[in-house]
Amino acid sequence: MAEESDFILRQIHSLAEGFGYLLAHAKDSTNTEIVFPGTVGPTLPHQAELRQLIHDQHYQQAATRLLKLRYAMTEDQFFQLALWVYQTLNHYDEATLQAGHYSKASIVAGLKQLEQFKNER
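Per our numbering, the very first residue in the sequence shown carries number 209; after that it's consecutive.
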């Protein structure tokens, strides 16, 4: 209601609709993309180092390095970093992980180890 009577709110609404249209159809596609805010945030300690190891397909080395970092940061940061590592590795298929001397079973084992760490607190 206030939107209909206030000139500035009508302009903001029109502008938002225009941006939405441009973003949805900018790629000559009829598909709409949904972008979740906050998915890219500040990096965690040692995340750049682990990202590089994963990028270079040194998956086992990244997992080993992660465990060595357990006491180098707060517990919350460690668990966030560990979840990020395992989520990132889980995006790869089994053949890609095998090339980096890792596997889906290793991801599951790592998550179980995290659960044990959590229970030790």
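For each residue, glycine too, the CB sits at the ideal point set by N, CA and C.
Candidates 252, 267 and 278, of which the one nearest residue 313 by Cα: As a working note, residue 313 is residue 105 in the sequence shown. Closest by alpha carbon: 267.
Buried or exposed (CB count within 10 angstroms, at least 16 for buried), residue 216: Here residue 216 corresponds to residue number 8 of the sequence shown, with the count starting at 1. Around the beta-carbon of residue 216, fewer than 16 other beta-carbon atoms lie within 10 Å, marking it exposed.
For residue 323 and residue 293, I'd like the C-alpha separation in whole angstroms. Within the sequence shown, residue 323 is the residue found at index 115, counting from 1. Within the sequence shown, residue 293 is the residue found at index 85, counting from 1. Cα to Cα, the separation comes out at about 15 Å.
Quick one: grab the DSSP three-state call for residue 294. What you label residue 294 is simply residue 86 of the sequence shown in a count that begins at 1. Residue 294: helix per DSSP, three-state reduction.
Assign residue 270 to one of three DSSP states: helix, strand, or coil. Counting from 1 along the sequence shown, the entry for residue 270 is found at position 62. Correct three-state label for residue 270: helix.
Between residue 307 and residue 260, which are expected to be in contact by the criterion C-beta below 8 Å, what is the C-beta distance as a whole number of angstroms? By one-based count along the sequence shown, residue 307 stands at place 99. By one-based count along the sequence shown, residue 260 stands at place 52. Contact flag wrong, Cβ pair sits at about 17 Å.
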